Amino acid sequence: MDGKLDIKDFKIVAIIFTLFSLVAVGFVINSKIQESVMDEVELYRKAIKLENKKDMYDYTVETEQGNFITTTDIKSVENVKFPEMDKDIASSIISIERKEFKETYDMKTRTVTYTDSKGKTHSKTETYWEWVWHLVDTNVLGSTEIEIHGNKYKTSDFAFWYQELDASKMISQANRSEYYTGPHHKFRYAAIIGGKFTIFAKATGGTIKPVNGYKIEVSEQNYKEVIKGIEESPKIKSIFFVIGWTIVTLLLMRLEYVYLYDRYI
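Pasting the structure below:
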């Protein structure tokens, strides 16, 4: 030994340096993620927790108390339904999407490969027929406003979502999840259904507005469950990040090992 690192020692040092660098970068990124998540946690912790009472809700909004979270009943202002919908569930629909499908007998082609008597491989195109459902139309009906404790708000201001509906629960003539009007014609439904939801909003300007983003957050969980989930999110996100970053680190270390060792040693 002459006191100098040979090329092999240098490459080992380089790999170790890369490992520690990636760990350090991962630590910094994870810290930033935790800071961002904790900011969200604090918003929920400091928000006013409202019971489902009209007087408490109205007071909070009228006096512009700021961020609040409550589990409350949300109703459609308008009666939203298609003509075929004759069951009670129709009265609780805020918005509904109806997709129309028609089934046709279509000719299709496929490529098949075969081997001849001399062992040579050939390809040819075959035609065949198949029943296929096609989306031919989509219609959406919706109430432009929803109601919370007698107060009306624009439906578009809330982060609602559509869920698939069982047609037999809305239509007397339907006996399955999709409504068949004939052997080759059917309707499929998805809707925003009114009911009890948790909203996280800001009481300001005599109305309610989103705390973050462009829409007021909505959840099917009660507000205690929502807050619990938010408080647990830093740990969950940290675990997912650590797992993901560990995989990235191992892949990069493997690539560096292959490049330095398999190529030059």
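The working numbering puts the sequence shown at residues 6 to 270. Every residue, glycine too, gets a C-beta built ideally from N, C-alpha and C. The structure displayed is predicted, hence computed values, not measured ones.
Legend entry - Outcome for residue 184 when other beta-carbon atoms lying within 10 angstroms are tallied against a minimum of 16: As a position in the sequence shown, residue 184 is number 179, starting the count at 1. Per the 10 Å Cβ criterion, buried.
Legend entry - Proximity below 9 Å, CB of residue 49 to CB of residue 205: For the purposes of this step, residue 49 is identified with residue 44 of the sequence shown, where counting begins at 1. For the purposes of this step, residue 205 is identified with residue 200 of the sequence shown, where counting begins at 1. Yes; because the gap between Cβ atoms is below 9 Å, this pair is in contact.
Legend entry - Opening and closing residue of the beta strand (DSSP E) in which residue 116 lies: In the sequence shown, the residue the question calls residue 116 occupies position 111. Taken as a continuous stretch (DSSP letters only), the beta strand (DSSP E) holding residue 116 covers 98–120.
Inset, instruction - Pull up the CB-CB distance for residue 46 and residue 236, whole angstroms please, since I reckon it's below 8 Å. - result: Sequence index remark: in the sequence shown, residue 46 carries index 41 (1-based). Sequence index remark: in the sequence shown, residue 236 carries index 231 (1-based). 6 Å between Cβ atoms; contact.
Inset, instruction - Compute the distance between the beta-carbons of residue 70 and residue 94, then report whether it is under 9 Å. - result: In the sequence shown, residue 70 corresponds to position 65, counting from 1. In the sequence shown, residue 94 corresponds to position 89, counting from 1. No, they are not a contact pair.
Legend entry - Proximal residues to residue 4 (C-beta, below 8 Å), its chain only, five neighbours per side dropped: A question about residue 4 goes unanswered here, because the residues of the chain that appear run from 6 up to 270.
Inset, instruction - Report the residue from 90, 113, 86 whose alpha carbon sits nearest the alpha carbon of residue 135. - result: Counted from its first residue, the sequence shown places residue 135 at position 130. The shortest C-alpha separation from residue 135 is found at 113.
Legend entry - Where residue 82 falls: helix, strand or coil (DSSP): Numbered from its first residue, the sequence shown carries residue 82 at position 77. Of the three classes helix, strand and coil, the one that applies to residue 82 here is coil, per DSSP.
Legend entry - Residue closest to residue 148, alpha-carbon to alpha-carbon, out of 84, 130, 182, 247: Stepping through the sequence shown from its first residue, residue 148 is reached at position 143. Taking only the C-alpha atoms, the option nearest residue 148 is 84.
Inset, instruction - From the DSSP output, in three-state form, read off residue 159 for me. - result: Residue numbering aside, residue 159 sits at position 154 when the sequence shown is read from its first letter. It is a strand residue.
Legend entry - Residues of its chain near residue 138, where Cβ-Cβ distance is below 7 Å and the 5 sequence neighbours each way are ignored: As a first step, residue 138 is located in the sequence shown; it is residue number 133 there, counting from the start. So the qualifying residues of the chain are 106, 108.
Legend entry - In chain order, each beta strand (DSSP E) run of at least 3 residues that lies wholly inside the region 158–187: 168–170, 184–187
Legend entry - Separation of residue 167 from residue 220, as counted between CA atoms: Here residue 220 refers to the residue found at position 215 when the sequence shown is read from its first residue. Here residue 167 refers to the residue found at position 162 when the sequence shown is read from its first residue. The alpha-carbon atoms of residue 220 and residue 167 are separated by roughly 15 Å.
Legend entry - Span of the alpha helix (DSSP H) around residue 89: Counting from 1 along the sequence shown, the entry for residue 89 is found at position 84. Segment: none, residue 89 is in no alpha helix (DSSP H) and carries neither H nor E.
Inset, instruction - Can you give me the Cβ contacts of residue 144 inside the same chain, cut-off strictly under 6 Å, excluding the 5 residues immediately before and after it? - result: Residue 144 sits at position 139 when you count from the first residue of the sequence shown. Here the set comprises 103.
Legend entry - Nearest candidate by alpha-carbon position, reference residue 228, set 78, 251, 20: Numbered from 1 along the sequence shown, position 223 holds the residue referred to as residue 228. When each option's Cα is compared against that of residue 228, the closest is 78.
Inset, instruction - For residue 158, count neighbouring C-beta atoms within 10 Å of its own C-beta (all shown protein chains included) and say buried if the count is 16 or more, exposed if not. - result: Taking the sequence shown and counting its residues from 1, the one referred to as residue 158 is at position 153. Result: buried.
Inset, instruction - Just tell me which of 68, 61, 111 has its CA closest to the CA of residue 133. - result: Taking the first residue of the sequence shown as position 1, residue 133 is located at position 128. Among 68, 61, 111, the Cα nearest to that of residue 133 belongs to 111.
Inset, instruction - Taking residue 244 as the reference, give the member of 161, 216, 226, 38 with the closest Cα. - result: Start at 1 with the first residue of the sequence shown, and residue 244 comes out as number 239. Here the closest residue by C-alpha is 38.
Legend entry - Reference residue 207, options 231, 162, 81, closest by Cα: Here residue 207 refers to the residue found at position 202 of the sequence shown. Closest option to residue 207, Cα to Cα, is 162.
Inset, instruction - Report the three-state DSSP secondary structure of residue 223 (helix, strand or coil). - result: Numbered from 1 along the sequence shown, position 218 holds the residue referred to as residue 223. The answer is strand: DSSP assigns residue 223 an E or B state.
Legend entry - Where residue 128 falls: helix, strand or coil (DSSP): Looking up residue 128 in the sequence shown gives position 123. Correct three-state label for residue 128: strand.
Legend entry - For residue 32 and residue 275, the rounded distance between their alpha carbons: No answer is possible for residue 275: the residues shown for the chain start at 6 and end at 270.
Legend entry - With 16 other Cβ atoms within 10 Å as the buried cut-off, status of residue 213: Working through the sequence shown from its first residue, we reach residue 213 at position 208. Flag for residue 213 reads buried.
Inset, instruction - Classify residue 6 as buried or exposed, calling it buried when 16 or more other Cβ atoms lie within 10 Å of its own Cβ. - result: In the sequence shown, residue 6 corresponds to position 1, counting from 1. Residue confidence for residue 6 is low, a pLDDT of 49 falling below 50, so the modelled location carries little weight and cannot support an answer.
Legend entry - Alpha-carbon spacing of residue 172 relative to residue 76, whole angstroms: The residue labelled residue 172 in the question sits at position 167 within the sequence shown. The residue labelled residue 76 in the question sits at position 71 within the sequence shown. If you take the alpha carbons of residue 172 and residue 76, they lie about 28 Å apart.
Inset, instruction - Assign residue 52 to one of three DSSP states: helix, strand, or coil. - result: For this step, residue 52 is matched to residue 47 along the sequence shown. DSSP places residue 52 in coil when its eight states are reduced to three.
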